[in-house]
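Novice: Residue numbers (my numbering): 302 to 601.
Where a beta carbon is used, it is the ideal one built from N, C-alpha and C, also for glycine.
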């Protein structure tokens, strides 16, 4: 008859594993696939750069000659001015539209929704051409005293809205529609309880929006606004169809005389790349500035 000692296995202390040597070097895991992919990408990038540098059709000497020419720099200055003015005015109007969209007044909500729907649903080129030909709808504009009073100002629309002013108005109204949604999304990212707490302290709605809501909403607004800024810079090239002397139209005037199309288009491309790169760096630091409180709060 078997006893319990015959059935149960022998027990004893488990053999201990050897402790790792702290002085042993750490060897990274080899990833040959990653190295091969990196080498192929570097080889492809070098081939593209060599092709660009060695292609005589680019005429890099012509690019260098016109890159800082007076005509190109004047066009670049107008492009930067258009971008700054239209985006600043667009965000002012867009903030008003965003507040209207979130208002308790159904009439204000309807007007804001209709505005955003129209300008986001139609192509920018169509809008610019429509404003440029607004004289066909309203040949004259006048200001008179109501109830049959005398006319104070009378002017023809074609004399009032030139190409540059038409571009400013058209681009501003377009940017306002997109800015309204950007600002509305930033406002919605702020907890409603903070607004209610501020209003319970007796602060007015406008002051709550200006001092409580918008500073916190900037963390969500800035990334989208930075993308809008870069898009607005590139979008100004559309005003060349109105003969506005922006960067693109300036190089077009030059290559229409010299027939050096590729070098002049390369000049415009390089300037767009340079300016958008600077704006992207500025956007990065602006995002870091408005995200400081969030990072500190997360770390705490």
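Please report how far the alpha carbon of residue 493 lies from the alpha carbon of residue 544, in whole angstroms.
Specialist: Counting from 1 along the chain shown, the entry for residue 493 is found at position 192. Counting from 1 along the chain shown, the entry for residue 544 is found at position 243. Going from the Cα of residue 493 to the Cα of residue 544 covers about 48 angstroms.
Novice: Is residue 462 helix, strand or coil by DSSP?
Specialist: Translated into the one-based positions of the chain shown, residue 462 becomes position 161. Three-state result, residue 462: coil.
Novice: Exposed or buried, what is residue 439 when buried is set at 16 or more other beta-carbons lying within 10 Å of its beta-carbon?
Specialist: Along the chain shown, one-based indexing puts residue 439 at 138. Per the 10 Å Cβ criterion, exposed.
Novice: In this structure, how does DSSP classify residue 443 when only helix, strand and coil are distinguished?
Specialist: The count along the chain shown starts at 1 and reaches residue 443 at position 142. In the three-state reduction of the DSSP assignment, residue 443 falls in the strand class.
Novice: Following the continuous alpha helix (DSSP H) through residue 590, name the residue where it begins and the one where it ends.
Specialist: Numbered from its first residue, the chain shown carries residue 590 at position 289. Here the alpha helix (DSSP H) through residue 590 covers 562 to 591.
Novice: Residues bridged to residue 455 by DSSP?
Specialist: As a position in the chain shown, residue 455 is number 154, starting the count at 1. Residue pairing by DSSP puts residue 455 in a beta bridge opposite 443.
Novice: Give a yes or no on contact between the stretch 502 to 518 and the stretch 564 to 574, applying the rule of three or more CB pairs nearer than 8 angstroms.
Specialist: no
Novice: What is the DSSP secondary structure of residue 492, reduced to helix, strand or coil?
Specialist: Here residue 492 refers to the residue found at position 191 of the chain shown. Note: residue 492 maps to coil in three-state DSSP.
Novice: Between 487, 337, 433, 459, which lies nearest to residue 516 when the distance is taken from Cα to Cα?
Specialist: As a working note, residue 516 is residue 215 in the chain shown. Looking at the Cα atoms, 487 is the closest of the given residues.
Novice: Please report how far the alpha carbon of residue 586 lies from the alpha carbon of residue 531, in whole angstroms.
Specialist: Along the chain shown, read from residue 1 onward, the residue named residue 586 stands at position 285. Along the chain shown, read from residue 1 onward, the residue named residue 531 stands at position 230. The straight-line gap from Cα to Cα measures roughly 15 angstroms.
Novice: For the pair the stretch 547 to 562 and the stretch 388 to 399, tell me if three or more CB-CB distances fall below 8 angstroms.
Specialist: no
Novice: When we look at the beta-carbon of residue 498 and count the other beta-carbons within 10 Å, is it buried (16 or more) or exposed?
Specialist: Indexing the chain shown from 1 puts residue 498 at position 197. Residue 498 should be labelled exposed.
Novice: Within the same chain, show all residues whose beta-carbon is closer than 8 angstroms to that of residue 456, passing over the 5 residues directly before and after it, in chain order.
Specialist: Counting from 1 along the chain shown, the entry for residue 456 is found at position 155. The residues are 441, 442, 443.
Novice: Mapping the DSSP letters down to three states, classify residue 337 as helix, strand or coil.
Specialist: To locate residue 337, count along the chain shown from 1; it is residue 36. DSSP places residue 337 in helix when its eight states are reduced to three.
Novice: Using the beta-carbon count (16 or more within 10 Å), is residue 597 buried or exposed?
Specialist: Taking the chain shown and counting its residues from 1, one reaches residue 597 at position 296. Only weak support exists for where residue 597 lies, its pLDDT of 46 falling under 50; the value from the coordinates is given anyway. With a threshold of 16 other beta carbon atoms within 10 Å, residue 597 falls short and is exposed.
Novice: Does DSSP put residue 326 in a helix, a strand or coil?
Specialist: Here residue 326 is taken as the residue at index 25 of the chain shown, counted from 1. Note: residue 326 maps to coil in three-state DSSP.
Novice: Which value, in whole angstroms, describes the spacing of the CA atoms of residue 474 and residue 355?
Specialist: As a first step, residue 474 is located in the chain shown; it is residue number 173 there, counting from the start. As a first step, residue 355 is located in the chain shown; it is residue number 54 there, counting from the start. In this structure, the straight-line span from the alpha carbon of residue 474 to that of residue 355 is close to 44 angstroms.
Novice: Using the C-alpha atoms, what's the distance from residue 549 back to residue 373?
Specialist: Counting from one through the chain shown, the residue named residue 373 turns up at place 72. Counting from one through the chain shown, the residue named residue 549 turns up at place 248. Going by the C-alpha atoms only, they are around 9 angstroms apart.
Novice: In the DSSP assignment, find the unbroken alpha helix (DSSP H) run with residue 364 in it and report its ends.
Specialist: Reading the chain shown from its first residue, position 63 is the one you call residue 364. Per DSSP, residue 364 belongs to the alpha helix (DSSP H) from 361 to 368.
Novice: So, are the CB atoms of residue 591 and residue 520 less than 9 angstroms apart?
Specialist: Here residue 591 refers to the residue found at position 290 of the chain shown. Here residue 520 refers to the residue found at position 219 of the chain shown. Closer than 9 angstroms, so yes.
Novice: Using the three-state DSSP reduction, which class does residue 467 fall into: helix, strand or coil?
Specialist: Counting from one through the chain shown, the residue named residue 467 turns up at place 166. DSSP places residue 467 within a helical segment (H, G or I) once states are collapsed to three.
Novice: In three-state DSSP terms, what is residue 404?
Specialist: Sequence index remark: in the chain shown, residue 404 carries index 103 (1-based). Coil, per DSSP.
Novice: Check residue 423 in the structure and name its three-state DSSP category.
Specialist: Residue mapping note: residue 423 aligns to position 122 of the chain shown, counting from 1. If DSSP states are grouped into helix, strand and coil, residue 423 belongs with coil.
Novice: Near residue 400, what residues of its chain come up, given a Cβ to Cβ distance below 6 angstroms and the 5 sequence neighbours on each side ignored?
Specialist: For this step, residue 400 is matched to residue 99 along the chain shown. Result list for residue 400: empty, nothing under 6 angstroms.
Novice: What distance in whole Å lies between the Cβ atoms of residue 478 and residue 416, which are believed to be in contact at a cut-off of 8 angstroms?
Specialist: In the chain shown, residue 416 corresponds to position 115, counting from 1. In the chain shown, residue 478 corresponds to position 177, counting from 1. At roughly 7 angstroms, the Cβ-Cβ gap stays under 8 angstroms, so residue 416 and residue 478 are in contact.
Novice: Rounded to whole angstroms, how far is the Cβ of residue 375 from the Cβ of residue 551, which I believe are closer than 8 angstroms?
Specialist: Locating residue 375 in the chain shown gives position 74, where the first residue counts as 1. Locating residue 551 in the chain shown gives position 250, where the first residue counts as 1. Yes, they are in contact, since the Cβ atoms of residue 375 and residue 551 sit about 7 angstroms apart, within 8 angstroms.
Novice: Taking 7 angstroms as the limit between beta carbons, can you name the residues of its chain near residue 567, skipping five residues before and five after?
Specialist: Counting from one through the chain shown, the residue named residue 567 turns up at place 266. Here the set comprises 359, 364.
Novice: Quick one, which of 583, 470, 554 has its alpha-carbon nearest residue 604's?
Specialist: Residue numbering for the chain in the displayed model covers 302 to 601; residue 604 lies beyond these limits and cannot be assessed.
Novice: Assign residue 545 to one of three DSSP states: helix, strand, or coil.
Specialist: For the purposes of this step, residue 545 is taken as residue 244 along the chain shown, with counting starting at 1. Here residue 545 sits in coil by DSSP.
Novice: Using a Cβ-Cβ cut-off of 6 angstroms (strictly less than) and excluding sequence neighbours within five positions of residue 383, which residues of its own chain qualify?
Specialist: Numbered from its first residue, the chain shown carries residue 383 at position 82. Within the same chain, residue 383 has close Cβ partners 537.
Novice: Going along the chain, which residues of its own chain have a beta-carbon closer than 7 angstroms to the beta-carbon of residue 588, five neighbours each way excluded?
Specialist: Your numbering for residue 588 matches position 287 in the chain shown. Closer than 7 angstroms at Cβ, skipping near neighbours: 523, 524.
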